[in-house]
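Read in order, the letters of the sequence shown are residues 6 to 924 in our numbering. Take a look at the structure below.
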Amino acid sequence: MEGLIHRETRVLGFYILLISLTLQQTCAQEGFESIQCCAQTNFTDRNTNISWTTDDQWYPNISCCQEISPSTKVRVFSSTFGNKWCYSLNTRKDENYLLRGTFRAGELQKSPPGTIFDVLIGITSIAIVKSSEDAVVEGLFRANDNYMNLCLSEERGDPYLLKLELRPLDSVYLKEKPSVALRVIDRVDVGNTGAEIRYPDDPFDRIWRPEASDDNVTASPMTNIVTVNASKALPPIKVLRTALTHPEQLQFLHNNLDTGFYEYELYLYFLELNESVQTGQRLFNIYINNRMVEEFDIMASGSRFRTLVLNFTANGALNLTMIKAANGSLLGPICNAYEILQIRAWIQGTNQEDKDAIFNVRNELLVYNPNNKVVVSWMGDPCLPLPWDGLFCESRENSSAIIKLDLSFKDLQGPLPQSIATLHKLRELNMSNNHFSQAIPEFPSFSVLTSVDLSHNNFMGNIPSSLASLPNLVTLLFGCNKKLSKDVPAKLYRSRLETDKGMCGGSHSSHKGKGIVIGTVTSGLLLIVGVVGISFCIYNRKLTANKRKFDVNGYPLTKNAIYSISSMDDIILQSISIQCFSLDNIETATQQYKTLIGEGGFGPVYRGTLSDGQEVAVKVRSATSTQGTREFDNELTLLSAIQHQNLVPLLGYCNENDQQILVYPFMSNGSLQDRLYGEAAKRKVLDWPTRISIALGAARGLTYLHTFSSRSVIHRDVKSSNILLDNTMCAKVADFGFSKYAPQEGDSTASVEVRGTAGYLDPEYYSTQNLTAKSDVFSFGVVLLEMITGREPLNIKRPRTEWSLVEWAKPHIRNSRIDEIVDPNIKGWYHAEAMWRVVEVALSCTETFSMYRPSMVDIVRELEDALIIENNASEYMKSIDSFGGSNRFSTERTIAIPPTPIPTEPSPVLSQPAPPQPR
6 MEGLIHRETR VLGFYILLIS LTLQQTCAQE GFESIQCCAQ TNFTDRNTNI SWTTDDQWYP
66 NISCCQEISP STKVRVFSST FGNKWCYSLN TRKDENYLLR GTFRAGELQK SPPGTIFDVL
126 IGITSIAIVK SSEDAVVEGL FRANDNYMNL CLSEERGDPY LLKLELRPLD SVYLKEKPSV
186 ALRVIDRVDV GNTGAEIRYP DDPFDRIWRP EASDDNVTAS PMTNIVTVNA SKALPPIKVL
246 RTALTHPEQL QFLHNNLDTG FYEYELYLYF LELNESVQTG QRLFNIYINN RMVEEFDIMA
306 SGSRFRTLVL NFTANGALNL TMIKAANGSL LGPICNAYEI LQIRAWIQGT NQEDKDAIFN
366 VRNELLVYNP NNKVVVSWMG DPCLPLPWDG LFCESRENSS AIIKLDLSFK DLQGPLPQSI
426 ATLHKLRELN MSNNHFSQAI PEFPSFSVLT SVDLSHNNFM GNIPSSLASL PNLVTLLFGC
486 NKKLSKDVPA KLYRSRLETD KGMCGGSHSS HKGKGIVIGT VTSGLLLIVG VVGISFCIYN
546 RKLTANKRKF DVNGYPLTKN AIYSISSMDD IILQSISIQC FSLDNIETAT QQYKTLIGEG
606 GFGPVYRGTL SDGQEVAVKV RSATSTQGTR EFDNELTLLS AIQHQNLVPL LGYCNENDQQ
666 ILVYPFMSNG SLQDRLYGEA AKRKVLDWPT RISIALGAAR GLTYLHTFSS RSVIHRDVKS
726 SNILLDNTMC AKVADFGFSK YAPQEGDSTA SVEVRGTAGY LDPEYYSTQN LTAKSDVFSF
786 GVVLLEMITG REPLNIKRPR TEWSLVEWAK PHIRNSRIDE IVDPNIKGWY HAEAMWRVVE
846 VALSCTETFS MYRPSMVDIV RELEDALIIE NNASEYMKSI DSFGGSNRFS TERTIAIPPT
906 PIPTEPSPVL SQPAPPQPR
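Dropping the structure here:
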């Protein structure tokens, strides 16, 4: 509620508001877009005279329509064609619009665990829809182009839509806020005892919900012509003609606001219906959530009509109260209408030039490939929130750019789209192993392409000279195109250009295809071996049930069971020797899952005690888990092969009756996230030496993974909630479900599906999908910033410039203003030099380009130095006092910003300044 501000829109003049309905119906529908999903034909609504169209032009497939009542069908979007579905609607740039979606689930409500999906305008989330209740989602936005997308993004289950409405809107709502979107929480016609009011009474087709009186008094409706401001953005006169009043107070309660601290705008509309009331006779105070924000008199401006706009912050609920002023007011409060709007920061998507170009590519491909699943799935923003299949993007100057297009092996035909040449930031193009024909198009001289693969197609004609002479091109493959001329430009033979010279046998793609076949056969054989091994183990367990050996705790011990760590690149079989718990063992240890201590992507975690008294954490895979058997086997295999004091050990597992359970030692001090900013009951202020010690422990654990003797392991989900603390506050890295062995030379491909957590995800890994140990380094840098600032890595409830911890902290660090970002809980309680050591490590870890990030070995050395400085601060400060006082190590320091990397440069190593005193 802090920072509550308000502004007042005063009436500038008096005009007659009543306009004939005929004139409204003639003019107001201009720009309306009304879409009834799955309708058989276009039609006109008899009540509103609004013309409705079917959604055939977006989704002609009627098999996706589901009947929810005898006369109503909804469109259900199947994941067969991706996880995002969009309607592209025509708009006028820089004009404001109202966009409304109606979602009715029908029988879908009975499908456990229920459907959940995100509703986006462009890439800005407006609401989360759940099938447990019908929803109408309405957003107000300013168009930044001649079209705008309404998208549904799947979280769980299949999204659905009944109807969609787009309406041009007066600029009053977004006049001073073009960089935000507004979600309509409620729009209330106070005192209305009849039906809702909308078009044609409201020319913008806003829907005004009636709210009748409880113990309040309904004011007498106006019957005479009302003169107010002529702006059409005001509520229609039919809304203003009703009101509620009370001798003492009016109260409006809303408990349906989103949980979490969000910013809102409240539009209040007042029309004095009693013509005899004079200035000062109806004076009342307005309260929002029990805080007075305004002393209000409708007649103070000399007009009987006034609008008041209030900004406030709320968490889950709004209590709007109007109380008669105590200083001599004759009459109690009155209210005619109000609107509650939630402020959502507008998120910038892919830069317009790239977006237009890739949509042209899509349209060209659809001409010859109308049913291709990949191309059909290309909807909405091409890069955000996730890139289209085959696209790779990178962030540039508050927007995203397309840098790679890989449509190899997609069964595409027709000519190569000419529009590809207009993707001016494209560096890699791979269209190999398709059925493209006709001539290869020309490419502009300013193209930045470095790699082009057109092999294994049906191209005709010659290799364009413009393509061969591109200044940055280092790889050009075009073999296995039987109709392509053997006459090639002389420029193809320049020394630094790698090419297959049109030869089919030498094609990289051919090798890639062979690698895939070999890899598939090998993986299949290994998988068979694994299945046979597991079957043998199960059979052996049953055969020896009466003479099974038990461990010291009374639990059966399984040795040499075979498990696999799944990978796109490899299947690695390893021998393990860990405890195999029965389901009865687990239920006894947890007292039937009595104490829940946490929940993650795998499922809930329960506290338990083994028969020998050891406390354990039992992680149970839930039916709705986003992780599955692959992650379960992954963790089993990995933790049976590695042991380190800074890695959480696996005590055992249970895989019985379709239950997948993992058992670990209980970590009494929870996670680092809990201690920094978790639930109040778990939060505990960590001093700076403890934070460095925790960081050092986690870094040592990751170093062990990265330098593992048999093959380097990449964690892929480093975050503060996966750094656990035992009873001595020793840090232990946990949760290896997403871990992978680092790609090696000879692997079929170094590209893997992106895994990780928002806020921690390496931008280079996200854009290129090339996995390296430096991805863990970036995530660890975010964890260091969490320790320094006490802030979460991503929080969209903060001001837009502070959403991302990394983006917020970096300018402060580079301007030597770390005092402005340090956690208030440790301010004044740290040695500046030790702090700067950790800050510089965090900054280098979170560099955009991985080649400028240090290795975990380098990070451990720096953190060791920082801990020495901090632990010996008293003696160290004494030693430097003799040289002129402690200001030698102030919080001001110049930070060098690394240049944009050149691929030929060696990867730098983090500098190692000498410690202030010997260890």
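For glycine and all other residues, C-beta sits at the position ideal for the given N, C-alpha and C.
Decide yes or no for the touch test of the region 796 to 803 against the region 423 to 437: beta carbon pairs closer than 8 Å, at least 3 of them.
Here the region 796 to 803 does not lie against the region 423 to 437, with fewer than 3 beta-carbon pairs under 8 Å apart.
On the criterion of 16 or more Cβ atoms from any shown chain inside 10 Å, does alanine 622 qualify as buried, or is it exposed?
buried
For my contact list, isoleucine 408 and lysine 430 are in at a C-beta cut-off of 8 Å; report their separation, rounded to the angstrom.
Taking a contact as a CB-CB distance under 8 Å, the pair isoleucine 408 and lysine 430 counts as one, their CB atoms being some 6 Å apart.
Could you tell me which of Ala330, Thr326, Gln650, Glu268 sits nearest to phenylalanine 317, measuring between CA atoms?
Glu268
Methionine 925 bridges to which residues according to DSSP?
In the structure displayed, the chain extends from 6 to 924; residue 925 sits before or after that span and is not available.
If you compare alpha carbons, which of Gly605, Val668, Leu187 is closest to glutamine 584?
Val668
Residue range of the beta strand (DSSP E) that tryptophan 90 falls in?
89 to 95
So does the region 448 to 462 actually touch the region 479 to 488, counting three or more Cβ pairs closer than 8 Å?
These segments touch.
Among the residues of its own chain, which have a CB less than 6 Å from the CB of aspartate 386, if the five just before and after it don't count?
Answer for aspartate 386: Ile128, Gly354, Thr355, listed in chain order.
Suppose you measure from the CA of glutamate 1 to the CA of cysteine 850; what does that come to, to the nearest Å?
This structure does not reach residue 1, given that the chain is present from 6 up to 924, and the question cannot be answered.
Per the DSSP calculation, asparagine 419 is bridged to which residue(s)?
Residue identity check: residue 419 is glycine in the sequence provided, not asparagine. Its beta-bridge partners are Phe441.
Write down the C-beta distance between aspartate 123 and glutamate 160 rounded to the nearest angstrom, noting that I regard them as a contact closer than 8 Å.
6 Å
Please report how far the alpha carbon of glutamine 283 lies from the alpha carbon of proline 240, in whole angstroms.
Between the C-alpha atoms of glutamine 283 and proline 240 there is a straight-line separation of about 24 Å.
In the DSSP assignment, what residue or residues form a beta bridge with threonine 77?
Residue pairing by DSSP places threonine 77 opposite Ser74 in a beta bridge.
Among residues of its own chain, excluding the 5 on either side of phenylalanine 266, which ones have a beta-carbon nearer than 6 Å to its beta-carbon?
Once the five neighbours on either side are set aside, the close Cβ partners of phenylalanine 266 are Thr318, Asn320, Lys802.
Is the number of C-beta pairs between the region 863 to 878 and the region 815 to 822 that are closer than 8 Å three or more?
With a cut-off of 8 Å, the region 815 to 822 and the region 863 to 878 do not count as touching, because too few Cβ pairs lie within range.
Can you name, in chain order, every residue of its own chain whose Cβ lies under 8 Å from the Cβ of threonine 614, other than the five neighbours on each side?
Ala594, Glu620, Val621
Within the continuous beta strand (DSSP E) that includes isoleucine 666, where are the two ends?
664 to 670
Take the Cβ of methionine 861 as the centre, count every other Cβ of all protein chains shown within 10 Å, and call the residue buried at 16 or more, exposed below.
buried
What residue from Val185, Lys745, Phe275, Val298 has the CA that sits closest to glycine 144's CA?
Val185
If we call anything under 8 Å between Cβ atoms a contact, is phenylalanine 301 one with phenylalanine 289?
yes
Confirm, please, whether the CB-CB distance from cysteine 91 to lysine 78 is below 8 Å.
no
In three-state terms, what does DSSP make of lysine 491?
coil
Assuming leucine 810 and glycine 764 make a contact with CB atoms under 8 Å, what is their CB distance in whole Å?
The Cβ separation is near 7 Å, so the contact holds.
Output needed for aspartate 191: all residues of its chain with C-beta closer than 6 Å, excluding positions within five of it in sequence on either side, in chain order.
Ile345
Does DSSP classify glycine 706 as helix, strand or coil?
helix
Which residues in the same chain as glycine 36 place their Cβ atom closer than 7 Å to its Cβ, once the five residues preceding and following it in sequence are excluded?
Pro173
Can you look up valine 557 in the DSSP assignment and give me helix, strand or coil?
Confidence in valine 557 is poor, its pLDDT being 33 and thus under 50, which makes the residue's placement unreliable; the coordinate value appears in the next sentence. It is coil, neither helix nor strand.
Classify phenylalanine 451 as buried or exposed, calling it buried when 16 or more other Cβ atoms lie within 10 Å of its own Cβ.
exposed
Assign lysine 689 to buried or exposed, taking buried as 16 or more other Cβ atoms, counted over all protein chains shown, within 10 Å of its Cβ.
Classification for lysine 689: exposed.
Find out if the Cβ-Cβ distance for the pair serine 725, lysine 779 is shorter than 8 Å.
no
Short of 6 Å in beta carbon distance, which residues of its chain neighbour asparagine 95, apart from the five on each side in sequence? Order them along the chain.
Tyr152
If I follow the unbroken beta strand (DSSP E) through valine 738, where does it start and stop?
736 to 738
Out of Thr326, Ile425, Ile831, which one is the CA nearest neighbour of methionine 792?
Ile831
Assuming serine 93 and asparagine 154 make a contact with CB atoms under 8 Å, what is their CB distance in whole Å?
5 Å
Note down the Cα distance separating serine 308 from tryptophan 57, rounded to an integer number of angstroms.
Their backbone Cα atoms lie some 40 Å apart in a straight line.
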